[in-house]
DNA sequence: CGATCGCCAATTCTATAGAATCTTCTTGCC
DNA sequence: GGCAAGAAGATTCTATAGAATTGGCGATCG
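Protein chains in written order, with my numbering: chain A, 1 to 272; chain B, 1001 to 1272.
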């Protein structure tokens, strides 16, 4: 609502991206529900901007895949439930595993050894802190640091895989991932996150060690486990099925017959 | 040029898509070379339309991945040389293998048995025709039929994998693939294609048989081989390196200072 | 009474002009 | 020769208007 407008105090040339991220967040937060029609005028008023960047943001969103653009009929929000996120994660797993497979044997050893060092240094701190209260300031910093290392590891693998296209695809999925991670994050900033971070550190270490050892099979396996584990964790707050759509806006006969899925295949211009 | 403008006699609401396809074709035909800057005004004049649909088409193209959109600096054509196609194929292989892995055990047996039947029926015809002259009308039909079967197989696997997102990603890559297949196609419509088609039939049969047997490992391996084989074939006509790009646009002072890399990391919104 | 046809409002898409901003090239100065 | 200020060019965004399409509404006809 108004929070969206406030976020648009951004640099010139980044307005579309800001709108994209804002809408993305609203979709994952469920404020924009599945099947909902997005009118450009309404969105323009909401964000306090003109039609043009709205339209462009919608096109970009269609490219990402969260909305469907039907010619002459506007944009429709796609469903985003746990199943969808699991689907995205499956694709991400396939791609990240491929990246690891390619990166193995050609990595920057120094960078990864530094990473391994940071990881092992982080581990005992986490072991200590798992017995403390979660609101500790020190813990927050530890989580923050762990997240940084997570980004570092994945970026490093991306840039080491020798395939720019693959790296770009992974980055795109990361945008999606980040959008609903924020949702899960604000859903419960409890000790669950701290426990998960500790788990993650172990998984990261396994990946790094396998990469440094040049053991391709083990590296892929470790990455696969890592992503799978993340998927289980991050989807836990999402509704298993379309949540309150039946109560509020029963315009979609979602479960009535099988036509819905066919339609989305045919007339959608999502990204082609 | 004018051919582009003629194609825009299309229905209202499909202009963007028409522009997208036209630009896509020009990119893969090499008329729009790598690193080239796409000015909206110039494109608008070329197509005889206004800025607005051009901008939107560029955003859509960025979503597909053939151009990079840099804020406040416009669009830049991505390189498409053999290496890039190989990169795309690597991603496609990862995704299609994942699709096969997921599809294995849950396929529509009847549809695949029908497919296997058609494939085995096609095979002897190809064996016969490999000794004939390539201009034979019958051969052309055989190639056409083989292509249809190829599409049928991949679509069937896509729809059987139980992951809509994955299916959509594969479709997107197929768009990219098809665009430069046209290039290779018009480059030589010689008997090479017929030989390749025969090879493909065998590879397809291997995939289908493994799927019907429920042998996941073998199915994935067959698909991997199939894609790899296709990559080798389709990249043979593409230039190994960027041909004349160094002479045309040396405006990129990439190494001036450290800001460039930060910018490209942060701002390139190719597909976010 | 029900169905088909045509018209109208709403929305989308395109065109056009112009202001603001950013990039880049040029020029002048130290 | 290197660097800063300014100008030119391009891009992005705003705003508005008009054309095209869609979907609903009522009227007419069987």
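A virtual CB, placed ideally from N, CA and C, is assigned to each residue, including glycine.
Inset, instruction - Return the CA-CA distance between residue 1105 of chain B and residue 1119 of chain B, expressed in angstroms with no decimal places. - result: Answer to the nearest angstrom: the Cα atoms are 21 Å apart.
Inset, instruction - Please compile the residues from chain B whose C-beta is within a distance smaller than 8 Å of the C-beta of residue 273 of chain A. - result: This structure cannot settle anything about residue 273 of chain A, because the visible part of chain A is limited to 1 through 272.
Legend entry - Residues of the region 69-103 of chain A whose Cβ lies closer than 7 Å to any Cβ of chain B, in chain order: From the region 69-103 of chain A, only 71, 72, 84, 87, 88, 90, 91, 94, 95 and 98 have a Cβ closer than 7 Å to chain B.
Legend entry - Cβ-heavy atom distance, residue 1232 of chain B to the ligand GDP, below 8 Å: In the structure shown, the ligand GDP is absent, as is every other ligand, since no ligand is present at all.
Inset, instruction - Counting only the same chain and skipping the five closest in sequence on each side, list residues whose C-beta sits under 8 Å from that of residue 44 of chain A. - result: Hits under 8 Å: 50, 51 and 54.
Inset, instruction - Using beta-carbon positions only, say whether residue 1041 of chain B and residue 1231 of chain B come within less than 9 Å of one another. - result: No, the pair does not count as a contact, with Cβ atoms beyond the cut-off.
Inset, instruction - Quick one: grab the DSSP three-state call for residue 14 of chain A. - result: DSSP places residue 14 of chain A in coil when its eight states are reduced to three.
Legend entry - Own chain residues within Cβ distance below 7 Å of residue 152 of chain A, not counting five before or after: If we look at residue 152 of chain A and ignore the five residues flanking it on each side, its Cβ neighbours are 115.
Inset, instruction - Could you tell me whether the Cβ of residue 1011 of chain B comes closer than 9 Å to any Cβ of chain A? - result: For residue 1011 of chain B, the closest Cβ of chain A is nearer than 9 Å.
Inset, instruction - Run through the region 55-96 of chain A for me and flag every whole beta strand (DSSP E) of 3 or more residues, listed as ranges in chain order. - result: With a minimum length of 3 residues, the continuous beta strand (DSSP E) runs that stay inside the region 55-96 of chain A are 67-70 and 74-77.
Inset, instruction - Answer yes or no: do residue 1093 of chain B and residue 98 of chain A have a C-beta to C-beta separation smaller than 9 Å? - result: The Cβ atoms of residue 1093 of chain B and residue 98 of chain A sit closer than 9 Å to each other.
Inset, instruction - Could you tell me the distance, in whole angstroms, from the CA atom of residue 26 of chain A to the CA atom of residue 1220 of chain B? - result: Taking the straight line from one Cα to the other gives about 38 Å.
Legend entry - Endpoints, alpha helix (DSSP H) assigned at residue 30 of chain A: Counting along the chain, residue 30 of chain A falls outside any alpha helix (DSSP H), and DSSP gives it neither H nor E.
Inset, instruction - Could you pull out every unbroken alpha helix (DSSP H) segment of at least 4 residues lying fully inside the region 186-227 of chain A, listed in chain order? - result: DSSP runs (the alpha helix (DSSP H)) wholly in the region 186-227 of chain A: 191-213.
Legend entry - residue 170 of chain A beta carbon less than 9 Å from that of residue 107 of chain A: Contact: no.
Inset, instruction - Given a cut-off of 9 Å, decide if residue 1175 of chain B and residue 1024 of chain B are closer than it, judged by their beta-carbon atoms. - result: Pairing residue 1024 of chain B with residue 1175 of chain B gives a Cβ-Cβ distance under 9 Å.
Legend entry - Presumed contact (8 Å Cβ cut-off) between residue 1078 of chain B and residue 1034 of chain B, rounded CB distance: Between residue 1078 of chain B and residue 1034 of chain B, the beta carbon gap of about 7 Å places them in contact (Cβ cut-off 8 Å).
Inset, instruction - Counting only the same chain and skipping the five closest in sequence on each side, list residues whose C-beta sits under 6 Å from that of residue 1038 of chain B. - result: Exclusion of the five residues before and after residue 1038 of chain B leaves 1075 as the residues of its chain whose Cβ lies within less than 6 Å of its Cβ.
Legend entry - chain A within 9 Å of residue 1014 of chain B, Cβ atoms only: The C-beta of residue 1014 of chain B comes closer than 9 Å to at least one C-beta of chain A.
Legend entry - Within 9 Å, strictly: CB atoms of residue 237 of chain A and residue 197 of chain A: No, they are not a contact pair.
Legend entry - Any chain B beta carbon closer than 9 Å to residue 266 of chain A: Residue placement at residue 266 of chain A cannot be trusted, given a pLDDT of 30 that sits under 50; what the coordinates show is reported in the next sentence. Residue 266 of chain A is outside the set of residues whose beta carbon lies under 9 Å from a beta carbon in chain B.
Inset, instruction - Would you please verify whether the beta carbon of residue 55 of chain A is less than 9 Å from any beta carbon of chain B? - result: So, interface residue.
Inset, instruction - Would you check if the distance between the CB atom of residue 1065 of chain B and the CB atom of residue 123 of chain A is smaller than 9 Å? - result: At least 9 Å separates the beta-carbon of residue 1065 of chain B from that of residue 123 of chain A.
Inset, instruction - Measure the beta-carbon distance from residue 1032 of chain B to residue 1088 of chain B and round it to whole angstroms, keeping in mind my assumption that it falls under 8 Å. - result: At roughly 17 Å, the Cβ-Cβ gap does not stay under 8 Å, so residue 1032 of chain B and residue 1088 of chain B are not in contact.
Legend entry - Residue-chain proximity (residue 1260 of chain B, chain A), Cβ-Cβ < 9 Å: With a pLDDT of only 31 at residue 1260 of chain B, under 50, the local geometry of the prediction cannot be trusted, and no value is derived from it.
Inset, instruction - Assign residue 1161 of chain B to one of two classes, buried (16 or more other C-beta atoms within 10 Å of its C-beta) or exposed (fewer than that). - result: It counts as buried.
Inset, instruction - Under 7 Å Cβ to Cβ from residue 20 of chain A, same chain only, skipping five residues before and after it: list those, please. - result: Cβ neighbours of residue 20 of chain A beyond the five flanking positions: 57, 60 and 61.
Inset, instruction - Please say whether residue 1102 of chain B and residue 1163 of chain B have beta carbons closer to each other than 9 Å? - result: Yes, these two residues count as a Cβ contact at 9 Å.
Inset, instruction - Taking C-beta pairs closer than 7 Å, name the residues in chain A that residue 1164 of chain B reaches, listed in chain order. - result: What residue 1164 of chain B touches in chain A: 87.
Inset, instruction - Name, in chain order, the residues that DSSP records as bridge partners for residue 1037 of chain B. - result: Checking the DSSP bridge columns, you'll see residue 1037 of chain B partnered with B:1076.
Inset, instruction - Check the Cβ of residue 1059 of chain B against every Cβ in chain A and list those closer than 7 Å, keeping chain order. - result: Around residue 1059 of chain B, the beta-carbon contacts reaching into chain A at under 7 Å are 56, 59 and 60.
Inset, instruction - Could you check if residue 1217 of chain B is buried or exposed, using at least 16 other CB atoms within 10 Å of its CB as the buried criterion? - result: Its Cβ having fewer than 16 others within 10 Å, residue 1217 of chain B is exposed.
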